[in-house]
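Going by the working numbering, the residue at position 51 of the sequence shown is 37; the numbering climbs one at a time, nothing skipped.
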Amino acid sequence: MDILELAIHQLKTVIDPELGINVVDLGLIYRLQIQDGQIDVLMTLTTPGCPLHDSIAGGVKRALEQIDGIHDVRVQLTWNPPWTPERMSEEALRQLGYFA
């Protein structure tokens, strides 16, 4: 598994507590840049006023810090483009009952 695959694997352990689905399958991760032991994450949340902002962003940072060789994780939130349900994976849609 390369470092990008490890990062995605780790991010799948970060669950949105309101929906019970991980941040990857929800489509909240817009970009991961990995270089020289640093990971820069560009992500969003389902709503700009999300009360769990610190919890989710902190979970992303802590999950990625568990990867050997990573010494710096920077999480940046963006609202552009805004999140929409179309960003969710088929697995997330299935978990929410959109697919039988």
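Backbone N, C-alpha and C define an ideal beta-carbon position, used for all residues, glycine too.
Three-state class that DSSP yields for L63 in the structure shown | strand
Length-filtered (4 minimum) alpha helix (DSSP H) runs lying within the segment 19 to 58 | 39 to 51
Beta-carbon gap between G45 and V9 smaller than 9 angstroms | yes
Nearest-angstrom Cα separation, counted from I56 out to L82 | 33 angstroms
Buried or exposed for I(-6), please, with buried defined as at least 16 other CB atoms from any protein chain shown within 10 angstroms of its CB.
-> exposed
Rounded straight-line distance, which links the Cα of R17 to that of T33 | 18 angstroms
By how many angstroms is the C-alpha of A49 removed from the C-alpha of I42?
-> 10 angstroms
Return the Cβ separation of L14 and T(-1) in integer angstroms, given the expectation that the two are a contact with Cβ distance under 8 angstroms.
-> Not really, about 14 angstroms apart at Cβ, beyond 8 angstroms.
Should M74 go down as buried or exposed, given a rule of 16 or more other Cβ atoms within 10 Å for buried?
-> buried
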